[in-house]
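From first to last, the protein sequence lines stand for chains S and X.
Residue 1 is where the first sequence starts when you use the working numbering, and the numbers rise one by one after that.
Residue 1001 is where the second sequence starts when you use the working numbering, and the numbers rise one by one after that.
Ideal Cβ positions, reconstructed from N, Cα and C, are used throughout, including at glycine.
For reference, the structure is listed below as structure tokens.
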Amino acid sequence: TQLLEQSPQFLSIQEGENLTVYCNSSSVFSSLQWYRQEPGEGPVLLVTVVTGGEVKKLKRLTFQFGDARKDSSLHITAAQPGDTGLYLCAANPRVIIQGAQKLVFGQGTRLTINP
Amino acid sequence: DTEVTQTPKHLVMGMTNKKSLKCEQHMGHRAMYWYKQKAKKPPELMFVYSYEKLSINESVPSRFSPECPNSSLLNLHLHALQPEDSALYLCASSQRQVLSGNTIYFGEGSWLTVV
């Protein structure tokens, strides 16, 4: 079973539109991270959210961590072609194994912004 | 400076070859990771090192052999691989002390093709 459910898996919209990507789970997480990945490159960290209800903004991107720390959303305002990429949410389960982190990933959202 | 450096960027090897992937970080992180990522899939955890000791092996076949010579370096030795092992191999690191908001940083990856 997938611990983190990410939706939608694919999204293609026009430049200038707004969009929201969701990351949901039945588990509680100590923190959650959003990454963006270009083809052939490693994931690049966008943000880490820690506190339930937390909202963080990164230019046109707004990230929210659910009050119960089980879910998160990424909202992009006025999307641009440069936002195209694979967006991955990842979270640390509350039970940390042997001091290191067993990061769990969602399946990813492949976003395409058309000019 | 949040940088994880991986070499080589691309590697093509035969099924009888022995090769190694290398990873380096100078952020003082004491946890280092190897992930494998197939096309259109999220990264999958392979190994975790904590304080230069192997702490997690996700039932990875023995043809993959990790090594952590010191706190800054992580290697992945490859021998007798199969074509299905072709993938993007990602190295990552994080602080050893697990606090809320602790973040895993990824390298750019090594593209491996087994022929």
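In the DSSP assignment, what residue or residues form a beta bridge with X/GLU1044?
Working through the second sequence from its first residue, we reach residue 1044 of chain X at position 44. Answer by DSSP bridge pairing, in chain order: X/LYS1036.
Kindly indicate the opening and closing residues of the beta strand (DSSP E) around X/VAL1115.
Numbered from its first residue, the second sequence carries residue 1115 of chain X at position 115. Taken as a continuous stretch (DSSP letters only), X/VAL1115 belongs to no beta strand (DSSP E), as it is neither H nor E.
Alpha carbon to alpha carbon, what distance is there between S/GLU41 and X/THR1113?
Position 113 of the second sequence, counting from 1, holds the residue named residue 1113 of chain X. Position 41 of the first sequence, counting from 1, holds the residue named residue 41 of chain S. Approximately 15 Å, taken between the alpha carbons.
Alpha carbon of X/TYR1049 to alpha carbon of S/THR20, nearest angstrom:
Locating residue 1049 of chain X in the second sequence gives position 49, where the first residue counts as 1. Locating residue 20 of chain S in the first sequence gives position 20, where the first residue counts as 1. Approximately 35 Å, taken between the alpha carbons.
Do the stretch 22–31 of chain S and the stretch 71–85 of chain S touch if we need at least three Cβ pairs shorter than 8 Å?
Taking 8 Å as the limit for Cβ pairs, the verdict is that the stretch 71–85 of chain S does touch the stretch 22–31 of chain S.
Sheet register partners of S/ILE113 (DSSP bridge)
In the first sequence, the residue the question calls residue 113 of chain S occupies position 113. S/ILE113 is bridged to S/ILE13.
In the DSSP assignment, the beta strand (DSSP E) including X/LEU1011 goes from what residue to what residue?
Here residue 1011 of chain X refers to the residue found at position 11 when the second sequence is read from its first residue. Run containing X/LEU1011: 1010–1013, per the beta strand (DSSP E) assignment.
Less than 7 Å between C-beta atoms, sequence neighbours within five positions excluded: which residues of the same chain meet that for S/ALA56?
One-based indexing of the first sequence puts residue 56 of chain S at position 56. The sequence shown places Lys at residue 56 of chain S, not Ala. Correct list, in chain order: VAL47, VAL49 and PHE63.
Give me, in chain order, the residues of the same chain whose beta-carbon lies closer than 6 Å to that of S/LEU86; leave out the 5 immediate sequence neighbours on both sides.
Residue 86 of chain S sits at position 86 when you count from the first residue of the first sequence. Cβ within range, chain order: GLN37, GLY108 and ARG110.
Which word fits X/VAL1004, buried or exposed, when buried means at least 16 other C-beta atoms lie within 10 angstroms of its C-beta?
Here residue 1004 of chain X corresponds to residue number 4 of the second sequence, with the count starting at 1. With 16 or more other Cβ atoms within 10 Å, it is buried.
X/GLY1014 versus chain S: which residues are under 7 Å apart at the beta carbon?
By one-based count along the second sequence, residue 1014 of chain X stands at place 14. By Cβ distance, chain S contributes nothing, its closest Cβ being about 22 Å from X/GLY1014, past 7 Å.
Determine the direct distance from the alpha carbon of X/HIS1029 to that of X/GLN1097, and round the result to whole angstroms.
As a working mapping, residue 1097 of chain X is identified with position 97 in the second sequence. As a working mapping, residue 1029 of chain X is identified with position 29 in the second sequence. At X/GLN1097 the pLDDT is 49, less than 50, meaning the model places this residue with poor confidence; the figure from the coordinates comes in the next sentence. Taking the straight line joining both Cα atoms gives about 9 Å.
Can you tell me which of the three DSSP states X/GLU1067 falls into?
Residue 1067 of chain X sits at position 67 when you count from the first residue of the second sequence. Residue state, collapsed to three classes: strand.
Look at the alpha carbon of X/SER1062 and the alpha carbon of S/LEU32, and state the distance between them as a whole number of angstroms.
Start at 1 with the first residue of the second sequence, and residue 1062 of chain X comes out as number 62. Start at 1 with the first residue of the first sequence, and residue 32 of chain S comes out as number 32. Roughly 32 Å separates the two Cα atoms.
On the three-state DSSP scale, how would you describe S/GLY85?
Here the question's residue 85 of chain S lines up with position 85 in the first sequence. Here S/GLY85 sits in strand by DSSP.
May I ask you to verify whether the stretch 1102–1109 of chain X touches the stretch 1067–1085 of chain X, counting CB pairs closer than 8 Å and requiring at least 3?
No, the stretch 1102–1109 of chain X is not in contact with the stretch 1067–1085 of chain X.
Delimiting residues of the beta strand (DSSP E) encompassing S/VAL44
As a working note, residue 44 of chain S is residue 44 in the first sequence. Start and end: 44–49.
I'd like the list of long-range same chain contacts for X/VAL1012, defined as Cβ closer than 7 Å, with 5 residues on each side in sequence excluded.
Numbered from 1 along the second sequence, position 12 holds the residue referred to as residue 1012 of chain X. Contacts found: THR1113 and VAL1115.
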